[in-house]
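Remarks on the structure that follows.
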Amino acid sequence: MNLNLRTVNVTRYITPLREGGSLPALAEADDDFKYVLKFRGAGHGVKALIAEFLGGQIAKFLGLPVPELVFANLDEAFGRTEADEEIQDLLKFSQGLNLGLHYLSGAITYDAATNDCDEVLASKIVWLDAFITNVDRTFRNTNLLIWKKELWLIDHGAAFYFHHSWDNWKANAVSPFALIKDHVLLPKASKLEEVNTEFSSKLNDSILKEIVNQIPDDWLQWEDGAISPDEIKEVYFQFLSIRLANSQLFLKQAQDARKTLI
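Numbers 1 to 262, taken from full-length UniProt numbering, label the letters of the sequence shown in order.
Printed below as a string of structure tokens:
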């Protein structure tokens with residue numbers, strides 16, 4: 001499977017998509033496609049982009065339905081004519097490499113009360129989110145879309161939350177991830193054991209290293225400068241490798257949490 005991302009140049013800022021700290025936007029690129037743009041100058045900055053990138057790439061490798069990810073360049077002059085000062089500042093601080101997700105035109109938000117999801121797919125998504133410690137796929141905010149009658153995963157920017165308190169990464173790598181109890185698809189996830197067997201055999205250190213090594217060095221020039229880009233990549237790799245080797249921990253947590261719901 002080709003895990004390399006295309007790089008596009010953003011040509012037009014169309015509209016912000018919702019209020020909030022991350023201020024994602026709908027934008028058009030020089031390949032004539034529209035993208036949901038995630039900005040390095042917003043909220044949690046490049047760490048949210050790294051989480052989005054790693055979560056999306058792992059999901060793609062596992063065969064889960066995710067929109068195409070692209071690296072999206074913002075030119076220095078881009079956004080100078082934007083009337084909204086907040087958006088103008090966001091674009092100014094986001095010059096360089098950002099991340100785009102192919103825009104699923106006409107998609108609707110998944111609603112657990114009215115939309116269905118088969119047990120295998122639900123189990124795969126729950127496993128993925130437990131693996132990458134994604135706290136943001138709840139009933140309140142599903143981060144799932146229905147597009148052309150299929151379920152699609154979006155927005156993994158809240159995953160890998162250990163990187164906001166970097167010193168605790170080893171403890172987080174073996175965390176059972178108690179917050180899986182709030183996952184919107186957990187009630188439907190009856191095939192977790194089978195999925196754990198499948199995904200644990202599909203993923204390996206070689207694949208994880210390949211994905212992690214694709215994080216742009218441009219996103220790894222962190223302000224304190226105490227850790228180099230290569231050292232940061234190594235921590236992400238070790239986190240994923242240790243977590244995969246201990247998948248029984250988060251598998252059991254998810255299974256136990258599910259028992260309280262059914």
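In this text, a Cβ means the ideal position worked out from N, Cα and C, and glycines have one as well.
Cβ neighbour criterion (16 or more within 10 Å) applied to residue i
i	result
Gln57	buried
Asp155	buried
Asp84	exposed
Leu261	exposed
Ser105	exposed
His163	buried
residue 269	Given a span of 1 to 262 for the chain in the structure shown, any question on residue 269 remains unanswerable.
Lys202	exposed
Gly63	exposed
Ala158	buried
Ser165	exposed
Ala189	buried
Arg6	exposed
Ile108	exposed
Gly55	buried
Arg140	exposed
Cross-strand partners of residue i (DSSP beta bridge)
i	result
Lys38	Leu99
Val10	Ala29
Pro16	Ala25
His183	Thr138
Val70	Arg6 and Gly100
7 angstroms Cβ shell around residue i - same chain, five flanking residues per side excluded
i	result
Leu26	Ile14, Thr15, Leu17, Lys34, Val36 and Tyr103
Tyr161	Thr133 and Val135
Leu151	Pro65, Tyr110, Cys117, Leu121 and Leu144
Arg243	Phe131 and Ala173
residue 266	The structure shown does not extend to residue 266, since the chain is modelled only from 1 to 262, so the question has no answer here.
residue 266	Absent from the structure is residue 266, since the part of the chain shown begins at 1 and ends at 262.
Phe199	Leu62 and Trp127
Met1	Phe61
Leu90	Leu23, Phe39, Gly41 and Ala42
Glu231	none
Whole-number beta carbon distance between residue j and residue i, since they are thought to touch under 8 angstroms
i	j	result
Phe239	Ala178	With a Cβ gap of about 18 angstroms, Phe239 and Ala178 do not count as contacting.
Leu69	Gln214	Not quite, the Cβ-Cβ distance comes to about 10 angstroms (not below 8 angstroms), so this is no contact.
residue 264	Val195	This structure cannot settle anything about residue 264, because the visible part of the chain is limited to 1 through 262.
Val8	Asp31	5 angstroms
Ala257	Ile180	6 angstroms
Contacting residues, own chain, Cβ-Cβ under 6 angstroms from residue i (five flanking each side not counted)
i	result
Asp182	Thr138
Thr142	Tyr110 and Val184
Ser247	Asn196 and Ser200
Contacts around residue i, its chain only, beta-carbon distance under 8 angstroms, and the 5 residues preceding and following it disregarded
i	result
Asn98	Val10, Leu37, Lys38, Phe39, Arg40, Leu49, Phe71, Ala72, Asn73 and Leu74
Gln221	Pro229
Gly96	Arg40, Asn73, Leu74 and Asp218
Ala29	Val8, Asn9, Val10, Thr11, Tyr35, Val70, Ala72 and Gly100
Pro176	Leu249, Phe250, Lys252 and Gln253
Lys233	Val212, Asn213, Ile215 and Leu220
Asn115	Ile146 and Leu151
Glu76	Gln95
Gln255	Leu192 and Glu193
Ile207	Phe61
Glu119	Lys188, Ala189, Ser190 and Lys191
What ranges does the alpha helix (DSSP H) occupy inside the region 89-176, keeping only unbroken runs of at least 4 residues that lie completely in it?
Fully enclosed alpha helix (DSSP H) runs of 4 or longer: 119-131 and 169-173.
Runs of alpha helix (DSSP H) lying entirely within the region 198-235, each at least 4 residues, in chain order
You should have 205-212.
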